[in-house]
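Undergrad:
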Amino acid sequence: MDLELNTEQQMLDDAVTALFRDHAGQRRTAELTNAIDAALITRLADGGFLDVGYDAGPMEAIIVAERAAQFVACAPLVARVLVAPLAGVRDLPNTVGLVASPTSLVRYAGLCDAYLVLDGDMARLASSDDVSVEPVRSRSAYPTGRVHVRRSESLGVGSGDALRRAWQVGIAAEVGATAEAAVTFTAQHVSDRHQFGRPIGSFQAVQHRLAKSYANSQATKWMARRGAWYHHDAFLTATAATFAAMTARDAYDDCHQVSGAIGITSEFGLTAWTMRLMALHTELGGRRAHARHAAQSRRAAG
Amino acid sequence: MELGWTADEAAFRAALRASVSTHLRPGWTLDDRDMPEQADIDAVKAFCAALGDDGFLTPHWPAAYGGRDASPWEQLIISEETWSVGEPRGGQYMNTNWIGPALMRYGTDEQRALHLPLISAGQVNWCQGFSEPDAGSDLAALRTQAIRDGDSYVVNGTKVWTSYAHAAEYCFLLVRTDLDSPKREGITILLVPMSSPGVEVREIPNPYATHLIHEMHFTDVIVPITCRLGDENRGWDIVRNSLANERVGIARHQHTEYVIDQTVRDAQGLGIDVADPGIEETLGIAYAWAEASRALNYVAVSERITDPNGSRPAASVSRAITGPMERMAGWACHEVLGDQALAGGTEADRQVVTGTSSMIAAGAYEVQLDLVARLCLNLPRGR
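Residue numbers (our numbering), protein chains in the order written: chain A, 73 to 374; chain B, 219 to 601.
(1) When the distance is taken between beta carbons, is A:D109 closer than 8 Å to A:G120?
(2) Check B:H241 in the structure and name its three-state DSSP category.
(3) Distance check for B:H429 and B:H384, CA to CA, integer angstroms please.
(4) Can a CB atom of chain B be found closer than 8 Å to the CB of A:M347?
(5) Could you tell me which chain A residues have their CB closer than 7 Å to the CB of B:C594, listed as they occur along the chain?
(6) Leaving aside the five residues before and after B:I259 along the sequence, list all residues of the same chain whose C-beta is less than 8 Å from its C-beta, in chain order.
(7) Rounded to a whole number of angstroms, what is the C-alpha to C-alpha distance between B:D438 and B:Q363?
(8) For the pair the region 308-328 of chain A and the region 445-457 of chain B, tell me if three or more CB-CB distances fall below 8 Å.
(9) Please classify B:A233 as buried or exposed, where buried requires at least 16 other C-beta atoms within 10 Å of its C-beta.
(10) With A:A291 and B:A582 assumed to form a contact (beta carbons below 8 Å), what rounded beta-carbon distance in angstroms separates them?
(11) Go ahead and pull the three-state DSSP assignment for A:C184.
(12) Considering only their Cβ atoms, is the gap separating A:Q142 from A:A300 smaller than 8 Å?
(13) If you run the structure through DSSP and keep just helix, strand and coil, what is A:G273?
(14) First and last residue of the beta strand (DSSP E) that includes A:M194?
(15) List in chain order: all unbroken beta strand (DSSP E) runs of 3+ residues lying wholly within the region 292-373 of chain A.
(16) For B:L409, tell me which candidate among B:S399, B:D398, B:I440 has the shortest Cα-Cα distance.
(17) How about A:P148 and A:R218: are their beta carbons less than 8 Å apart?
(18) State yes or no: is the beta carbon of B:V524 nearer than 8 Å to at least one beta carbon in chain A?
(19) Tell me the residue span of the beta strand (DSSP E) that contains B:Y426.
(20) Determine the direct distance from the alpha carbon of A:A306 to that of A:R223, and round the result to whole angstroms.
(21) Could you tell me whether the Cβ atoms of A:A156 and A:L164 are closer together than 8 Å?
(22) What does B:G222 touch in chain A if you count any residue whose Cβ is under 9 Å from its own?
(23) What does the alpha-carbon distance come out to for the pair A:I113 and A:C146?
(24) Between B:S413 and chain A, is the shortest Cβ-Cβ distance under 8 Å, so that the two count as touching?
(25) Looking at the structure shown, is B:M434 part of a helix, part of a strand, or coil, going by DSSP?
(26) Using CA coordinates, which residue listed in A:A87, A:V178, A:A96, A:H95 is at the minimum distance from A:I135?
(27) Whole angstroms is fine: what's the gap from A:G248's alpha carbon to A:M131's?
(28) Apply the 10 Å Cβ neighbour rule to B:N315 and answer buried if 16 or more other Cβ atoms are within range, or exposed otherwise.
(29) For B:I431 and B:T380, which I take to be in contact (beta-carbon distance under 8 Å), what is that distance rounded to the nearest angstrom?
(30) Along the beta strand (DSSP E) that carries B:N515, what are the first and last residues, could you check?
(31) Using a beta-carbon distance below 8 Å, is A:G244 in contact with chain B?
(32) Helix, strand or coil for B:D260, going by three-state DSSP, please let me know.
(33) Per the contact definition of three or more C-beta pairs closer than 8 Å, is the region 228-244 of chain B in contact with the region 296-311 of chain B?
(34) Taking a cut of 9 Å between CB atoms, which residues from the region 476-503 of chain B lie near chain A?
(35) Could you tell me which chain B residues have their CB closer than 9 Å to the CB of A:L308, listed as they occur along the chain?
(36) Any beta carbon of chain B sitting closer than 8 Å to that of A:M83?
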C-alpha cells in the first residue's frame, strides 16, 4: 500500500490546482447564476482532465474531483470525471447530471448534455433532448430541478448497482474536499477575529468543534479514495457515503456556529461551501439510505 | 497512491492468519486480553512465543534484533489480524510496537542484550508507568521522584490507571529526576523490574473488567543506574517519540467490525429482525465509523513511514475518530440487542468497556482535538 501521490499524480494535482485557482473559486461561482461554467469545462476538456478517470485511473479522477470541490467549480465535474468512469459508462458528453428518481432534485438540471439515471437495478443514459426538466427553486448552492426522462438507453444488468456505488464515492469525494475547505476557511477567520481580547479561535470550545470537523473531513476524503479504489465493494462505497453525510451536516453546523452572524452572509464566502454540503447531505437518500446499504451489503457478504 | 495490498502483503496476511488460528486459545475473548487469571498470563506468553517461532511477532524489527525489517504495513496487518480475534498478545503489543524500538534507539548494549531477546521470544510482559493521580492528560506534571544515591536511584511515588501491571515483569517508568527545571526537562525513564522490593501493585476496583486498571506504589525502590534508558532528564523526548508509535497502527477498527458482526449474529439468534430499517441504519452508521477509523489509521501508518520524526498530526486525527468509533459501536450494539446486550458475555457487553476507555486512555480525546487544532488548523493557543 502506498498513500503518497506518485510523480505523475503530483504533476496532475499541481496542474489542476493551478487551473481551478485561476479559473474557478468563490468569486467566479458568484458570477454565475443558474449556469454551468462553460469556459471552465472547455479548459478542462482541452487539458484532458475530464477523461483522467478513463485514461489514468480512479485515483487520478479523485484528485480532479477533490480540487473541483475545493475550488467550488460551477459545473457537475464529479459526475463526469469520477462517477461515470467508476460506473463504467463511456463516451459521454462533457456535462452529465445524476438522477436518482423522477421526484429527486437533480443538481444542474436542465444545464447538462446528458443524464445518468438510476432505475431500480438498472442505470440508464438519457440525452438532454430526451428529458424534460421542471426547475425547482432551492437555496442550495446548485441550480436544481426534477428531470423527467422520456427516452433512455439501458446500460445493462448490474449497471444500477454500479452507478449507485460510483455515485456514493462521488458524494464522499465531494463532501470530503468541500468540508475540508469550509473548515480551513473558518479556521482562518477564527484566528483573525478577536473578541474578549483574544482570537476566538483560541477558545477550546471553538477549537474542538473545528478539530472534530477537520478529522471528519479527512476520514471522508480517505474513505472516498478507498471507495474509488475498491469501487466494486458496495460496503466500502456505502460506508463512505454514510460517513460523508454525517460529515456534511457536522461541518455545516460547526463552521456556521463558530463564524457567527457573518458566516451566513454571501459576502463572507463560507456559504459557497456550506450550501453545497447541505445539498450533498441528502443526495441519493442521504445518511439513512447509505447506512442501510452498508448494513445490507455487509450482511450479504456474510 | 496505490490503495490495495501488494501480493506480498496479502500473502503475509494469509500466512499470519493461519498462524494465529493455529495458536489461539479456543474461546479467547477481549476480556482475556486483560489477563485476569494466571492461565491467561500463561496463554499470552504461549501465544506470543508461538507467533515468534513462526516469525510473526517482531518481523518489523531490524534483522540485527531478530526481525526482517518488515514494513509498518505488515506491522499493521499483524495488529488487524490479532485485534480481530481479541488481541491474544495481551499487552505484548506494547513490547513489540514501541518499548522494543525505544530500547533499540536509546538503550545500552547491556539493556538491549537483556530485554530484546525476551520480547522477541514473547516471554515477558511490560507495563507503562505513566499517569499519576495528579498527572493524567498533563503527563509532564508527573511527580514520582527518583533521587540519585551513588550508582542507584531511590524511587518514591504512585502511578495509576496502569494496564497489565499485575502480569508485568518490567515497568517502563517515568520519573522526575530534577525538581527545579521546567517540567518537561526533568524527566527520566527507568526500566524497573517489577520484582524490586518496594513495588506494590493494587487492582483498582471497577464495574467493567477484572484487572483492567491498577495503581502502582513505589516506596524507596532501589533502581540501578544501569536501568536508566537514555540520558538523565532527557526522558520526555523519548516518551514523545514512543507515544507517537503507541498511537499508530493499533487496529481497533478491525475489532470493532468484528463486534458489530457478532452483534448481528447474536441478534439473529435472539429472533431480532436485523433487516428492520432502523436497525440497518444503526448498524450502517456504526460500520461507517469503523471504516473511517480504518482509513485514518492507514494514513497515520503512512505518515510514520514518510515523516517518522515529524509532529505526527495524522496520528492525532486518527485518534480523534477512533475513540468515538469505539463508543458509537458500543451504543449501536446495545440499541440493536436491546436489554439482551446487558447479559454478560456478549461482544456488545464487552464493547462498553472498550468504548468507555478508548476516549480516555493513552491521551484523552480532548487532548487529541487540541493537537488537531494546533497541528492541522494552526489555531492560536489559549491562555
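Glycine residues also receive a C-beta, built at the ideal position from the N, C-alpha and C atoms.
TA: Per the coordinate set shown:
(1) Between A:G120 and A:D109, the C-beta spacing is not below 8 Å.
(2) In the structure shown, B:H241 falls within a helical segment according to DSSP collapsed to helix, strand and coil.
(3) Their Cα atoms are separated by approximately 7 Å.
(4) No, A:M347 does not count as interfacial toward chain B.
(5) By Cβ distance, chain A contributes Y286.
(6) The residues are M253, G308, N343, A385.
(7) Roughly 10 Å between the two C-alpha positions.
(8) The region 308-328 of chain A is not in contact with the region 445-457 of chain B.
(9) Under this definition B:A233 is an exposed residue.
(10) Contact flag wrong, Cβ pair sits at about 20 Å.
(11) Coil.
(12) Pairing A:A300 with A:Q142 gives a Cβ-Cβ distance that is not under 8 Å.
(13) Look at A:G273 here: in three-state DSSP terms it is helix.
(14) Its beta strand (DSSP E) spans residues 194-199.
(15) Entirely contained in the region 292-373 of chain A, not one beta strand (DSSP E) run reaches 3 residues.
(16) When only C-alpha atoms are compared, the closest one is B:I440.
(17) The answer is no: Cβ separation not under 8 Å.
(18) For clarity, residue 524 of chain B is Thr in the given sequence; the question names Val instead. Yes, B:T524 counts as interfacial toward chain A.
(19) Looking at the DSSP string, B:Y426 is not in any beta strand (DSSP E), and its letter there is neither H nor E.
(20) Distance between A:R223 and A:A306, taken at the CA atoms: about 29 Å.
(21) Contact flag set, yes.
(22) Identification of chain A residues near B:G222 by a Cβ-Cβ cut-off of 9 Å yields M73, W301, Y302, ordered along the chain.
(23) Straight-line Cα distance between these residues: approximately 9 Å.
(24) At least 8 Å separates the CB of B:S413 from every CB of chain A.
(25) Strand.
(26) Nearest option by C-alpha distance: A:A87.
(27) So the alpha carbons of these two residues sit roughly 15 Å apart.
(28) Residue environment: B:N315 is assigned as buried (16 or more neighbouring CB atoms within 10 Å of its CB, all protein chains considered).
(29) That belief holds up - the Cβ atoms of B:I431 and B:T380 are roughly 7 Å apart, short of 8 Å.
(30) Segment 495-524 is the alpha helix (DSSP H) holding B:N515; no beta strand (DSSP E) there.
(31) Looking at the sequence itself, residue 244 of chain A is Ala, so the reference to Gly does not match. Contact of A:A244 with chain B is not assigned, every C-beta pair being separated by 8 Å or more.
(32) Of the three classes helix, strand and coil, the one that applies to B:D260 here is helix, per DSSP.
(33) Three or more beta-carbon pairs drawn from the region 296-311 of chain B and the region 228-244 of chain B are found closer than 8 Å, and the two stretches are therefore classed as touching.
(34) Within the region 476-503 of chain B, the qualifying residues are I478, D479, V482, V492, A493, P495, I497, E498, E499, T500, L501, G502, I503.
(35) Counting only Cβ-Cβ distances below 9 Å, A:L308 has contacts in chain B at E509, in chain order.
(36) Output row for A:M83: interface = no.
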